[in-house]
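Residue numbers (the working numbering), protein chains in the order written: chain P, 265 to 537; chain C, 385 to 791; chain Z, -15 to 340.
Note that beta-carbon positions come from the ideal geometry of N, C-alpha and C, so glycine has one too.
Remember, predicted model here, so these are calculated numbers, not experimental data.
First comes the structure, then the notes that go with it.
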C-alpha cells in the first residue's frame, strides 16, 4: 500500500510520464514452455533482469536462440549478433576492424532512461524550476530517486564510500560520468567501471574477463557483453554469492546411469572419516 | 585321405548315447537363446546390457580376459609334455591343444559380444581396413590370439592327422612349431594384461604386476579346468588319462594359485597401506565406496574360494583322491573367474577417472549371452575332445571306418 | 539445389569467416565436387539398392555407408560422395535440409581452450548448450539414452573444525599420530555430479566443468585399433563415427572420462536436430559408436566460438587460437596462473584451467 502511495506521488511529480514499470530494469518473463508456442519466447542472456532475447526462426529449423525450458536462460545462439550496435570508441581496441566490436545497447533495457534526460533533469519539472541539482557529490537523500530506483535506498556498491554521482552525470542524467566529469553512454559502462576496476577492464579488453560471442579470432567480429549485462552495479554485494555473480537456478543434472536409483551416495564421503 | 579324415571324424563325433545328445541338446538350447539376445543387443544396442558410459566393459570383457587365461593354461600340458618329455602329459597334450582352440574361439565370440559395432569388425583387417599396429594393444591382442588359434589348430590337428593315418610325425617342423606355441601361450595372456595395464587413466590396473598376475591365475584356472575335464573323460570314455598327468597338473594349479594369492595380497597391502586416491577401485571392491557395495560379496567370495582351494590342495587327502580333487579344482576355477572377471574389470571403472562412482550389474541379456557362449564353448569342446579321443584310441583310423561303423 | 546452401555463407547460419569471397569460393568448389560425387554415387546406390532388394533410399544409403573408407583415407571425391550420402540420409530422416560440412583444418590455427575455475558457478548452461549444438541422444525414458559431453563437478569447500580437534588418526587404535579435524577441503575430482540445488553457486561449493581436453598426446588415439580417432591438425581429437567399431578401448584410456558410448539408437527429435553439421563433428551418430567433444568443429572451422563458450553466463570459458599471441587463450597463458588436469599423465591437454 505504501509503495503504491509513493508511486502515485512520483507520477504526480514527474507529470505522469512514467507508468507501470518502475524498477530500474525490466524483469525477465518466466520462460514460457513449449505449451504456448504463440507466446513469443523470451529468454534472458547472462543474468536474470538484464539483456534478453526473443526467440524467432531465422530460417526453417534454425532459430536465433534456443532457450532452456527449465530456467529460461539462453542456451544456444543461432545469430550471435542480433540486436547489436557498434561498441563505439574503446581505448585499446582501436586495432579491431570497423564493426567487429559490437554490443547490445543497454539503454534499451533501462526503461526510465529516456525520461531521465528529459522529464525532470532538463529543467522543466513541474514543481521546481530550475531543479535543485546537487552542488557537490556529498550524499543526500533524494526521495524521488529512491522511489524510482529501489536499489538506490540500499546502495551496496562501494559499501557507503561512493554515491550516485560518482557514476551518474550530475546534469545529464541519462549518461554516466568519467573522471573528468564528461558523460559516458550507458552502452559503454566499461569506461565507467574501469575507473576503479582497472585490472578487470584490462582483462575484459583482452577477452579474459567477461564474455564475448561470435568469431573467436582475435580480430573477429564479436558481440561483447558489457559490465552491466552480468553485474547489477547497484547491488553487487547482494545475496549469497561467492563469485561476484548473482545466484541463479542451475540447469538439470545429468541422467542417472543404469543401475543407479539415485545419486545420494555422492553426498556421502567415499570413506567414512 | 583328407576327405575320409573329415568324414570319419564327423561320423564318429555325431554318434553318441542319450547322455551325449541330452548334453549337446541342452547346450544347443542355450546357444539359440544366445543368438536371440545377440540379435536384441545388435538392434537395440548395448542398452540392453548393464553397461554404461561409466562402466563400459562388463561381463563380456571379464569373460574374454578369463578365457584368454584358460587358453594360455593349455600350455601347462604342452610344456611338460615336450619340454620335460613327461609321459603322461605327452599322451594328452593334444587334448590341451583342443581346449586352447575352444577357449580362443570363445574369446573371439566374446569379442563379438563386446563390440558396439560387430558389423564393422572388418575395419581391423589389414589392407581392407586399418590395423593400428604397433600402437594399439588391442591390435596386438588380436594378432597373438589369432596366431595362437592357428598354432594350436596346426599342432593339434597335424598330430591327430598323423595318428589317423599312422604316418610318423615330421619332427623337423613340428617340434619348433610346438615350442613357438608354448612361448606364444605366454604372449597371449601377457598382451591381454597389457591391454588394461597400459592405461594410466585406470590406476587400479596401472601396475606392472598385471601380466604376472594374469599368468599365474591363468595357470591355475586353466589346468583346474583341464583336471576336471580329464576326470570326466576318465569316467565317461575308454580313454585313460594317467594319474601322473593329473598329479602334475594339480601341483601346477596349487603353486600358481599360491603365487596368485600372494600377488593379490601384496597388492592389497601396497594399495591400502598408503591409501591414495588410486586405491579407490580396490577399496570399492573390498569394502565399498560412498556406501555402494555391490561388488563386495563377489570379492570376498573369490577370496574364500581361492584361499580355500589352496588350503585343500595342500591337504594330501584332497590331492590324491581324484573324487575329492574336483572340489578344490572347482573352487579355484570359480574363484579365479570372479577375481579376474567381475573383480578386476568392473572396479577398474569405479570410480571413473573423474571421480564418479556408479555401479554395474549384468542384465539378463548379458547373462544369457554369456551362458550361451560358454555353452557354445562346451559344445565345440565336446566335439573336439570326442574326435581327438577317438583318434587317440584308434577308433578313428584311416581305413578303419568300417570297424567304427560296425560297433 | 537447396542442399548446397553453404551454412557458412549464410548470414543467419553459423557465421563464417569474415571474408565473403572465401565463402563463395568454397560453395562452388563443393558444388563441383558434389556433382562428381553424385555421379559415382548413383552407380553405387544402384548396386546397393539391388543388394538390399528394396527401393528404400534410406536403407540403400545406409548400405553404401557400410563400405566407405576411413575418412582420412578418402579421396576428395569419396569425401564428397560420403558427404552427399549423409546429407541425403539426414535430410530425409530429420525432415529438414541438413548440411554435412567437410571443411579441413584452417592453416595457422591451433585451437586452445581455457576455463576460469574461479568464475564457474556450476549452472550447467554449457552442458545443455553443447547438447543443443551437437545432436547428442537425449531420450528420457531409458537410462543411457541421454548423453552429455560436459560434466560439472561440485566439490565441497570443506572445513576444519574445533570440535574435531580430539579426533585422531588412526581412530581407535591406541596412540594417535595423525589428525582428523577436517572435512575434506580442497579435494579435486571428488564430489557430486548430480547436485541439484535451487540456486547456484552454493556457498560451500566450488565447481569444475570437465570435458575432452583435446590432448596433444591423446591416450585414446593410441589405443584405437582402427585409427578412427585422431588429432586433427588444428587441435581437436575427432572420431570418424562411420569407422568406429565400438570396442571402447579409447573410453578406458581417457583419463578425463570425456568419451561417451551410444548404447542405443540415438534419440534425437526432429525439431531439436541441429542441421548444420560437420562430418567429424556434430552429425548425428549411430548406435554402438563412441562420441566426444570436438570443440564444435562445425562452428570453429568457420571461425565461430564453440557453443559452450557462448552461453557461459559468467564468461568463464575462453577459446582461441594458440598460435595467435593476441588471442584470448594466448593472453591467458601469458598472464594468468594456469594448470592442466592430470598433467602428470603427460597427455598435454590444450584445455587449461586458470584462475584470477
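Selected residue, minimal CA-CA separation from residue i, among the options
{"i": "residue 252 of chain Z", "options": "Z/328, Z/326, Z/148 and Z/122", "result": "Z/122"}
{"i": "residue 438 of chain P", "options": "P/414, P/493 and P/373", "result": "P/373"}
{"i": "residue 58 of chain Z", "options": "Z/269, Z/263 and Z/77", "result": "Z/263"}
{"i": "residue 311 of chain P", "options": "P/454, P/326, P/339 and P/404", "result": "P/339"}
{"i": "residue 524 of chain P", "options": "Z/127, Z/75, Z/89 and Z/146", "result": "Z/127"}
{"i": "residue 271 of chain Z", "options": "C/499, C/399, C/385 and C/407", "result": "C/499"}
{"i": "residue 130 of chain Z", "options": "Z/143, Z/142, Z/139 and Z/116", "result": "Z/116"}
{"i": "residue 754 of chain C", "options": "C/450, C/428 and C/578", "result": "C/450"}
{"i": "residue 240 of chain Z", "options": "Z/211, Z/133, Z/228 and Z/185", "result": "Z/133"}
{"i": "residue 519 of chain P", "options": "C/745, C/438 and C/762", "result": "C/438"}
Within-8 Å CB hit, residue i to chain Z
{"i": "residue 474 of chain P", "result": "yes"}
{"i": "residue 420 of chain P", "result": "no"}
{"i": "residue 701 of chain C", "result": "no"}
{"i": "residue 457 of chain P", "result": "no"}
{"i": "residue 738 of chain C", "result": "yes"}
Residue i versus residue j - alpha carbon distance
{"i": "residue 444 of chain C", "j": "residue 497 of chain C", "result": "7 Å"}
{"i": "residue 329 of chain Z", "j": "residue 469 of chain P", "result": "35 Å"}
{"i": "residue 112 of chain Z", "j": "residue 304 of chain Z", "result": "21 Å"}
{"i": "residue 585 of chain C", "j": "residue 730 of chain C", "result": "14 Å"}
{"i": "residue 45 of chain Z", "j": "residue 545 of chain C", "result": "49 Å"}
{"i": "residue 406 of chain C", "j": "residue 760 of chain C", "result": "15 Å"}
{"i": "residue 792 of chain C", "j": "residue 657 of chain C", "result": "The question about residue 792 of chain C has no answer, for chain C in this structure spans 385 to 791."}
{"i": "residue 360 of chain P", "j": "residue 310 of chain Z", "result": "11 Å"}
{"i": "residue 387 of chain C", "j": "residue 402 of chain C", "result": "28 Å"}
{"i": "residue 400 of chain C", "j": "residue 758 of chain C", "result": "21 Å"}
{"i": "residue 430 of chain P", "j": "residue 440 of chain P", "result": "9 Å"}
{"i": "residue 400 of chain P", "j": "residue 466 of chain P", "result": "30 Å"}
{"i": "residue 340 of chain Z", "j": "residue 326 of chain Z", "result": "20 Å"}
{"i": "residue 233 of chain P", "j": "residue 256 of chain Z", "result": "With chain P represented from 265 up to 537, any question about residue 233 of chain P goes unanswered, as that position is not in the structure."}
{"i": "residue 146 of chain Z", "j": "residue 168 of chain Z", "result": "14 Å"}
Neighbour flag for residue i against chain P, beta carbons, 8 Å
{"i": "residue 438 of chain C", "result": "yes"}
{"i": "residue 676 of chain C", "result": "yes"}
{"i": "residue 769 of chain C", "result": "no"}
{"i": "residue 434 of chain C", "result": "yes"}
{"i": "residue 289 of chain Z", "result": "yes"}
{"i": "residue 576 of chain C", "result": "no"}
Assigned secondary structure, residue i (DSSP; H/G/I helix, E/B strand, else coil)
{"i": "residue 304 of chain P", "result": "coil"}
{"i": "residue 337 of chain P", "result": "strand"}
{"i": "residue 421 of chain P", "result": "coil"}
{"i": "residue 589 of chain C", "result": "coil"}
{"i": "residue 63 of chain Z", "result": "helix"}
{"i": "residue 563 of chain C", "result": "helix"}
{"i": "residue 135 of chain Z", "result": "strand"}
{"i": "residue 262 of chain Z", "result": "strand"}
{"i": "residue 95 of chain Z", "result": "strand"}
{"i": "residue 503 of chain C", "result": "helix"}
{"i": "residue 51 of chain Z", "result": "coil"}
{"i": "residue 85 of chain Z", "result": "strand"}
{"i": "residue 478 of chain P", "result": "strand"}
{"i": "residue 338 of chain Z", "result": "strand"}
{"i": "residue 125 of chain Z", "result": "coil"}
{"i": "residue 448 of chain P", "result": "strand"}
{"i": "residue 486 of chain P", "result": "strand"}
{"i": "residue 234 of chain Z", "result": "helix"}
{"i": "residue 112 of chain Z", "result": "helix"}
Minimum Cβ-Cβ distance from residue i to chain C less than 8 Å
{"i": "residue 521 of chain P", "result": "yes"}
{"i": "residue 529 of chain P", "result": "yes"}
{"i": "residue 516 of chain P", "result": "no"}
task = Run through the region 351 to 383 of chain P for me and flag every whole beta strand (DSSP E) of 3 or more residues, listed as ranges in chain order.
result = Fully enclosed beta strand (DSSP E) runs of 3 or longer: 365 to 367.
task = For the region 669 to 733 of chain C, list the alpha helix (DSSP H) runs that are entirely contained and at least 4 residues long, ordered along the chain.
result = Runs of the alpha helix (DSSP H) spanning 4 or more residues and lying entirely within the region 669 to 733 of chain C occur at 680 to 698, 700 to 704 and 710 to 724, in chain order.
key: Length at least 4, wholly inside the region 156 to 228 of chain Z: the alpha helix (DSSP H) runs in chain order   = For the region 156 to 228 of chain Z, whole alpha helix (DSSP H) runs of length 4 or above, ordered along the chain, are 203 to 207.
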